[in-house]
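Student:
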Amino acid sequence: MQPLRVLGVDPGFGRTGLGLVLIKKGDPHHLWHSVIDTPADHRFIDRLQAVRNDLTEAIRRFEPSVACVESLFFQTNAKTAMKVGMARGVILLALADANLPIVEVTPSQVKTGMTGYGNADKAQMQEMVMRLLKLQAIPKPDDAADALALAIVGGYMHQNQAKTHGGSGLKSP
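Every position in the sequence shown, counted from 1, becomes a number in the working numbering once 43 is added.
#1: Going by other Cβ atoms of all chains shown within 10 Å of its Cβ, with 16 needed for buried, is Thr-119 buried or exposed?
#2: Buried or exposed: which applies to Phe-56, given that a residue is buried once 16 or more other Cβ atoms fall within 10 Å of its Cβ?
#3: Tell me the DSSP bridge mates of Asp-70?
#4: So what's His-76 in DSSP terms, helix, strand or just coil?
#5: Could you tell me the boundaries of the beta strand (DSSP E) in which Leu-47 lies?
#6: Distance check for Leu-193 and Ile-181, CA to CA, integer angstroms please.
#7: Kindly indicate which residue of His-85, Leu-176, Asp-164 and Val-78 has the alpha-carbon position closest to the one of Lys-67.
#8: Assuming the contact rule is C-beta atoms closer than 8 Å, Thr-158 and Met-168 should be a hit. Round their C-beta distance to whole Å, please.
#9: Kindly list the residues whose CB is nearer than 7 Å to the CB of Tyr-160, restricted to its own chain and excluding five residues on each side of it in sequence; keep chain order.
#10: Excluding five sequence neighbours on each side, which residues of the same chain lie with their C-beta closer than 6 Å to the C-beta of Thr-149?
#11: Roughly how many whole angstroms lie between the Cα atoms of Asp-103 and Leu-50?
#12: Output the distance between the C-alpha atoms of Arg-90 and Gln-179, rounded to the nearest integer angstrom.
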C-alpha cells in the first residue's frame, strides 16, 4: 500500500489541534503538529475565519492524502456545543474545498484504536501517541496530541476501508 499522509483535526473554536502523520508500511511517522489559537476577545466570525484560513494554509503546505476529524460528542453546555459545531462545519468545508477524503471518528473509536480501551483517559492517549510516533516527549498542547491520535486512527480506518472496498477509501460526507 502507498504511503499515506494523514491530517488529523481536533475541532475547537478557541483552539483547533492539527497533526500530520505519514503511514508507511503500516507504521505511523510524525511529520508535524500545531494548533490554531483564536483569541477570545475577537468576534466569533473572525475566529471561524482564522480556523478556515490557517487550516487551508496547512493543507496547501503539507498536501495530505486524507483528513480525519473528530465527530461531535454530547456536550452539557449547549452554547459551547453550538460553537464547536460551527467550527467543525468550517473545518469540514475547508477539507471538502481541498477535495480531501474525510474520515470522521468518534472519541471512543480514537481511544479504542490508540489504547484498546474506549474509556481511556487523556494521559493514556498521550502516552500512546508518544510511543507510536517514537517521540521524545508527549506533544503539546493537548489538542495537538489529540489531532495526532486522530490522524493515526483515521489513517488506519481509511486504509482498511480501501482494502475492504477496493477503492481509495472513505469519501467526503
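Don't be surprised by glycine CBs; every beta carbon is placed ideally from N, CA and C.
Tutor: A quick look at the data gives this:
#1: exposed
#2: The residue is buried, with at least 16 neighbouring Cβ atoms inside 10 Å.
#3: Lys-67
#4: In the structure shown, His-76 sits in a strand (DSSP, three-state: E or B).
#5: 47-53
#6: 15 Å
#7: Leu-176
#8: 7 Å
#9: Lys-154
#10: Ser-114
#11: Before going further, note that residue 103 is Arg rather than Asp in the sequence given. Those two C-alpha atoms are separated by around 12 Å.
#12: Cα-Cα distance, rounded: 32 Å.
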